[in-house]
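Per the working numbering, the very first residue in the sequence shown carries number 10; after that it's consecutive.
Virtual Cβ for every residue (Gly too), placed ideally from N, Cα, C.
Because the structure is a prediction, the values reported are computed rather than measured.
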Amino acid sequence: MIDIKSVSLVIPVFNEEQNLPILFEEIRKAVEPLSLEWETIFVDDASTDTSLAVMKNLAQNDSHVRYLAFEKNCGQSAAFGAGFAAATGEVIITMDADLQNDPADIAKLVETITANDADMVIGWRATRRDTLVKRVSSIIANGVRNRLTRETVRDTGCSLKLMRTDMARRLPMFTGMHRFLPTLMKMQGAKVVEIPVNHRPRRHGESKYGTWDRLVASSYDLFAVCWMQKRFANYRIKEHN
Numbered sequence: 010m011i012d013i014k015s016v017s018l019v020i021p022v023f024n025e026e027q028n029l030p031i032l033f034e035e036i037r038k039a040v041e042p043l044s045l046e047w048e049t050i051f052v053d054d055a056s057t058d059t060s061l062a063v064m065k066n067l068a069q070n071d072s073h074v075r076y077l078a079f080e081k082n083c084g085q086s087a088a089f090g091a092g093f094a095a096a097t098g099e100v101i102i103t104m105d106a107d108l109q110n111d112p113a114d115i116a117k118l119v120e121t122i123t124a125n126d127a128d129m130v131i132g133w134r135a136t137r138r139d140t141l142v143k144r145v146s147s148i149i150a151n152g153v154r155n156r157l158t159r160e161t162v163r164d165t166g167c168s169l170k171l172m173r174t175d176m177a178r179r180l181p182m183f184t185g186m187h188r189f190l191p192t193l194m195k196m197q198g199a200k201v202v203e204i205p206v207n208h209r210p211r212r213h214g215e216s217k218y219g220t221w222d223r224l225v226a227s228s229y230d231l232f233a234v235c236w237m238q239k240r241f242a243n244y245r246i247k248e249h250n
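Shown next, in the form of structure tokens:
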């Protein structure tokens, strides 16, 4: 059974100035009762609002806050990759900065990975709080990804996940990587468990990604992942001197 002592939360940020203080307070309330060492790493993807200033203020007032700031917009996958490299916790929790993921589910993620001796726990949004167009496009995209990658992941688009840090750092980094984290982890031999999680309406700001843009980009990424599944060289060292 896994005994977790420390956790790093990695959160990509793009123009979420109003949401960040609320999100961090919710994270603090969710994590402190767990008696873990913890940190929250906000990764600013070259926001054009005051998100970076908000992060700096949070970091000045709480040692649990760290931040990374890109010099130019690089996308969500790059933000996750930078956060994974910087994380000091034994496990990493990922979530969105828009308050739609619920930090109250963090305890359930930790309990699940421990109870199941798993390497990764992924959330699936049992009740989606998105527009009809977004829900339908997500269902279609999820079905296509599962069909081509031979997976059964219920919700590939849910950002709320927990994974072992050592395995997360070995993930291949490419634009769109974040859409295929469970598949990429399984390619390393990871045990992945799914649990239902809460999903909330967006309070402030607007979605940063258009449905059509995501559809086109994820199509290219999907074929790349299918290729990697066939060509990936997975090995374990039996012994060494």
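Cβ pair residue i, residue j closer than 7 Å
| i | j | result |
| --- | --- | --- |
| Ala199 | Met104 | no |
| Gly90 | Val52 | no |
| Asp54 | Asn28 | no |
| Ile50 | Thr121 | no |
| Ala177 | Pro112 | no |
| Phe33 | Ser56 | no |
| Pro181 | Ile131 | no |
| Ala88 | Leu61 | no |
| Asn125 | Val202 | yes |
| Leu45 | Ser15 | yes |
Candidates the options, of which the one nearest residue i by Cα
| i | options | result |
| --- | --- | --- |
| Ala68 | Gly92, Pro30 and Asp54 | Pro30 |
| Trp133 | Ser168, Ala116 and Val100 | Ser168 |
| Val206 | Glu248, Asn250, Ala116 and Val22 | Ala116 |
| His73 | Glu99, Arg37 and Arg211 | Arg37 |
| Pro210 | Ala127, Glu46 and Thr136 | Thr136 |
| Leu108 | Glu35, Lys65 and His187 | Glu35 |
| Thr184 | Val63, Gly84 and Thr123 | Gly84 |
Cβ-based burial, residue i [other Cβ within 10 Å; buried from 16]
| i | result |
| --- | --- |
| Asn110 | buried |
| Asp164 | buried |
| Trp221 | With a pLDDT of 48 at Trp221, under the threshold of 50, the modelled position of that residue is not reliable, and the figure given next carries that caveat. Exposed, because fewer than 16 other Cβ atoms sit within 10 Å of the Cβ of Trp221. |
| Leu118 | buried |
| Asp175 | exposed |
| Pro21 | buried |
| Glu25 | buried |
| Arg179 | exposed |
| Lys170 | buried |
| Arg245 | exposed |
| Gly219 | Caution is warranted here: a pLDDT of 49 is assigned to Gly219, below 50, making its placement in the model unreliable, and the coordinate value is therefore given only provisionally. Gly219 comes out exposed. |
| Asn250 | exposed |
Cβ-Cβ separation, residue j to residue i (assumed contact under 8 Å), whole Å
| i | j | result |
| --- | --- | --- |
| Glu48 | Ser17 | 5 Å |
| Val19 | Ala96 | 6 Å |
| Ile101 | Met196 | With 8 Å as the limit, Ile101 and Met196 do not qualify as a contact, their Cβ atoms being about 18 Å apart. |
| Ile13 | Glu80 | Not confirmed; about 34 Å, so no contact. |
Bounding residues of the alpha helix (DSSP H) (the contiguous stretch that carries residue i)
| i | result |
| --- | --- |
| Lys195 | Leu190 to Lys195 |
| Thr123 | Ile115 to Ala124 |
| Ile50 | Unbroken run through Ile50 is the beta strand (DSSP E), Glu46 to Asp53; no alpha helix (DSSP H). |
| Ala96 | Segment: none, Ala96 is in no alpha helix (DSSP H) and carries neither H nor E. |
| Arg37 | Asn28 to Val40 |
| Ala62 | Ser60 to Asn70 |
Beta strand (DSSP E) segment containing residue i, residue limits
| i | result |
| --- | --- |
| Ala106 | Looking at the DSSP string, Ala106 is not in any beta strand (DSSP E), and its letter there is neither H nor E. |
| Asn170 | Residue 170 is actually Lys in this sequence, not Asn. First-last of the beta strand (DSSP E) with Lys170: Lys170 to Arg173. |
| Ser15 | Ser15 to Val22 |
| Pro112 | Here Pro112 belongs to no beta strand (DSSP E), and DSSP marks it neither H nor E. |
| Glu203 | Val201 to Val206 |
| Ile131 | Met129 to Arg134 |
| Leu77 | Val74 to Ala78 |
is_contact[residue i, chain D] using C-beta, thresh 7 Å
| i | result |
| --- | --- |
| Ala87 | Going by chain labels, chain D is absent from the structure shown, which holds only one protein chain. |
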